[in-house]
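First to last, the protein sequences are chains A and B.
First residue of the first sequence? That's 84 in this note's numbering, and the numbers climb one at a time after it.
First residue of the second sequence? That's 115 in this note's numbering, and the numbers climb one at a time after it.
Input: a single structure, listed below in structure tokens.
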Amino acid sequence: MSDAKATPRKGTVMLVSGELDKALLAFEIAGGFQAMGMEMSMWFVLYGADCLRKPRSRFSWGKWFGRLGGGMGRVPETDSALQHVVRGLTHEGASQLPLSQLNYGGLGPAIVRRIMRRKGICSLEGMIRNAHDIGVRFTICQICVDAMAIAVPDDLLYPAEVKGVSAYYLETAAADYNVVI
Amino acid sequence: MSADVRLDVSGSCCPVPIIQLAKAVQQMASGQTLEITGNDPLFQSSVRDFCQARGHALLSETAGANRSVTMILRIGE
Chain A
84 MSDAKATPRK GTVMLVSGEL DKALLAFEIA GGFQAMGMEM SMWFVLYGAD
134 CLRKPRSRFS WGKWFGRLGG GMGRVPETDS ALQHVVRGLT HEGASQLPLS
184 QLNYGGLGPA IVRRIMRRKG ICSLEGMIRN AHDIGVRFTI CQICVDAMAI
234 AVPDDLLYPA EVKGVSAYYL ETAAADYNVV I
Chain B
115 MSADVRLDVS GSCCPVPIIQ LAKAVQQMAS GQTLEITGND PLFQSSVRDF
165 CQARGHALLS ETAGANRSVT MILRIGE
């Protein structure tokens, strides 16, 4: 008898950290649980949204001086030079994320990625794609979108909604499993 | 007996096998059979857990070369 034939259970995973190891964990759980039959919703807050963004090198002109996007959830009237600074300092893209420990100035992620490749472990980019393809929903916190100048959907590799804490409350209250990573 | 759908996830690790499995099962009808082959250490337990959670019947498990295992399942309702 299946566990999931009644109303499917729901779960949420909130990613606050912009680090490779934390992001791998979040997408592993979200994708895996969705495959097992739980309807998963991922929320991205603060640095968590970094893994959804189109990768951009620290040294690209547009990253520091490009026009700040408008888009969903943004209030361009209250932008200042600090939005450019924040965007410039942000690790944009899954390939740019540091490790939370053993980062060693960038050597750590390179070592971890090499190990993962050799062991056949799915990369973070692959895990994000798998989670999206299998139906995990992505939502980004609106105040983070505004403060950190994330242009939705232009800056992102995957479609995401922009919502607030009330929507997060409704989802977590209806869910059996809620984690913050 | 040949399965309706064959899937090979050898060389990939958790969670890719069950994600590929879930995607394939979505396209299948109740009563059809699916054969999946994998070789990671968690492959057998992942597929067994998947069948238990999603209500499919595990018909057979066959060990192959190089730690590879082939499992056949029947899609439930």
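For each residue, glycine too, the CB sits at the ideal point set by N, CA and C.
Rounded to whole angstroms, what is the Cα-Cα separation between R188 of chain B and A177 of chain A?
One-based indexing of the second sequence puts residue 188 of chain B at position 74. One-based indexing of the first sequence puts residue 177 of chain A at position 94. Each residue's alpha carbon lies about 37 Å from the other.
For I211 of chain A, three-class secondary structure by DSSP
As a first step, residue 211 of chain A is located in the first sequence; it is residue number 128 there, counting from the start. In the structure shown, the three-state DSSP call for I211 of chain A is helix.
So, is the C-beta of C134 of chain A closer than 7 Å to a C-beta in chain B?
If you number the first sequence from 1, residue 134 of chain A lands on position 51. No, its Cβ sits nowhere closer than 7 Å to a Cβ of chain B.
- prompt: Straight-line CA distance for H174 of chain A to L182 of chain A?
  reply: For the purposes of this step, residue 174 of chain A is taken as residue 91 along the first sequence, with counting starting at 1. For the purposes of this step, residue 182 of chain A is taken as residue 99 along the first sequence, with counting starting at 1. H174 of chain A and L182 of chain A: Cα-Cα distance of roughly 11 Å.
Would a C-beta distance cut-off of 7 Å place T95 of chain A and N261 of chain A closer than the cut-off? Mapped onto the first sequence, residue 95 of chain A falls at position 12. Mapped onto the first sequence, residue 261 of chain A falls at position 178. T95 of chain A is a Cβ neighbour of N261 of chain A, given a cutoff of 7 Å.
Problem - CA-to-CA distance, Q146 of chain B to K91 of chain A, given in whole angstroms - result: Locating residue 91 of chain A in the first sequence gives position 8, where the first residue counts as 1. Locating residue 146 of chain B in the second sequence gives position 32, where the first residue counts as 1. What sits at residue 91 of chain A in the sequence shown is Pro, not Lys. Roughly 22 Å separates the two Cα atoms.
Minimum length 3: unbroken beta strand (DSSP E) runs contained in the region 121-185 of chain B: Whole beta strand (DSSP E) segments, 3+ residues: 147-152 and 171-177.
Q | Chain-ordered neighbours of K202 of chain A on chain B, where CB pairs are closer than 8 Å | A | Numbered from its first residue, the first sequence carries residue 202 of chain A at position 119. The contacting residues are C127.
>> Does the CB of M119 of chain A have a neighbour CB from chain B at under 7 Å?
In response: On the first sequence, position 36 is the one that residue 119 of chain A refers to. Yes, because at least one Cβ of chain B sits closer than 7 Å to the Cβ of M119 of chain A.
ask   = Taking C-beta to C-beta, are G152 of chain B and P129 of chain B nearer than 7 Å?
value = Here residue 152 of chain B is taken as the residue at index 38 of the second sequence, counted from 1. Here residue 129 of chain B is taken as the residue at index 15 of the second sequence, counted from 1. Cβ atoms of G152 of chain B and P129 of chain B: not closer than 7 Å.
* With a cut-off of 7 Å, does the C-beta of E208 of chain A fall near any C-beta of chain B? -> In the first sequence, counting from the first residue as 1, residue 208 of chain A sits at position 125. Answer no: the Cβ-Cβ gap between E208 of chain A and chain B never drops below 7 Å.
Pull up the CB-CB distance for A136 of chain B and I217 of chain A, whole angstroms please, since I reckon it's below 8 Å. As a first step, residue 136 of chain B is located in the second sequence; it is residue number 22 there, counting from the start. As a first step, residue 217 of chain A is located in the first sequence; it is residue number 134 there, counting from the start. With 8 Å as the limit, A136 of chain B and I217 of chain A qualify as a contact, their Cβ atoms being about 6 Å apart.
### Query
What number of angstroms, rounded off, separates the C-alpha of L156 of chain B from the C-alpha of C127 of chain B?
Residue 156 of chain B sits at position 42 when you count from the first residue of the second sequence. Residue 127 of chain B sits at position 13 when you count from the first residue of the second sequence. Near 8 Å, if we compare the C-alpha coordinates of C127 of chain B and L156 of chain B.
*Per-residue DSSP class, three states only, for Y187 of chain A*: Indexing the first sequence from 1 puts residue 187 of chain A at position 104. In the structure shown, Y187 of chain A sits in a helix (DSSP, three-state: H, G or I).
Any beta carbon of chain B sitting closer than 7 Å to that of E111 of chain A? Reading the first sequence from its first residue, position 28 is the one you call residue 111 of chain A. True, the Cβ-Cβ gap to chain B drops below 7 Å.
- Under 9 Å by beta carbon: chain A residues contacting F164 of chain B: For the purposes of this step, residue 164 of chain B is identified with residue 50 of the second sequence, where counting begins at 1. Near F164 of chain B (Cβ distances below 9 Å), the residues of chain A are A118, M119 and G120.
Notebook entry, point to check: Counting along the chain, where does the alpha helix (DSSP H) carrying G114 of chain A start and finish?
Noted result: As a first step, residue 114 of chain A must be located in the first sequence, where it is residue number 31. Its alpha helix (DSSP H) spans residues L103 to A118.
Handout entry: Cβ distance (whole Å) where A243 of chain A is taken to contact I226 of chain A below 8 Å
Key = In the first sequence, counting from the first residue as 1, residue 243 of chain A sits at position 160. In the first sequence, counting from the first residue as 1, residue 226 of chain A sits at position 143. So it is not a contact: roughly 15 Å between Cβ atoms.
query: Would E149 of chain B pass as a contact of R120 of chain B if the rule is Cβ separation under 7 Å?
result: Translated into positions along the second sequence, residue 149 of chain B becomes position 35. Translated into positions along the second sequence, residue 120 of chain B becomes position 6. Yes, Cβ-Cβ distance for E149 of chain B and R120 of chain B is below 7 Å.
| message | Against chain B, with Cβ distances strictly below 7 Å, would I217 of chain A count as a contact? | response | On the first sequence, position 134 is the one that residue 217 of chain A refers to. Judged by the 7 Å Cβ criterion, I217 of chain A is in contact with chain B.
Return no unless some Cβ of chain A is closer than 7 Å to the Cβ of R120 of chain B. Locating residue 120 of chain B in the second sequence gives position 6, where the first residue counts as 1. No, because no Cβ of chain A sits closer than 7 Å to the Cβ of R120 of chain B.
* Can a CB atom of chain B be found closer than 7 Å to the CB of R92 of chain A? -> The residue labelled residue 92 of chain A in the question sits at position 9 within the first sequence. Output row for R92 of chain A: interface = no.
With DSSP as the reference, label T95 of chain A as helix, strand or coil.
For the purposes of this step, residue 95 of chain A is taken as residue 12 along the first sequence, with counting starting at 1. T95 of chain A falls in the strand class under three-state DSSP.
Item checked: Interface residues of the region 172-201 of chain A facing chain B [CB-CB below 8 Å] -> none
query: With a CB to CB cut of under 8 Å and the five nearest residues on each side skipped, what residues in its chain are close to Q117 of chain A?
result: In the first sequence, the residue the question calls residue 117 of chain A occupies position 34. Excluding positions up to five away in sequence, the list reads M123, A214, I217, G218 and V219.
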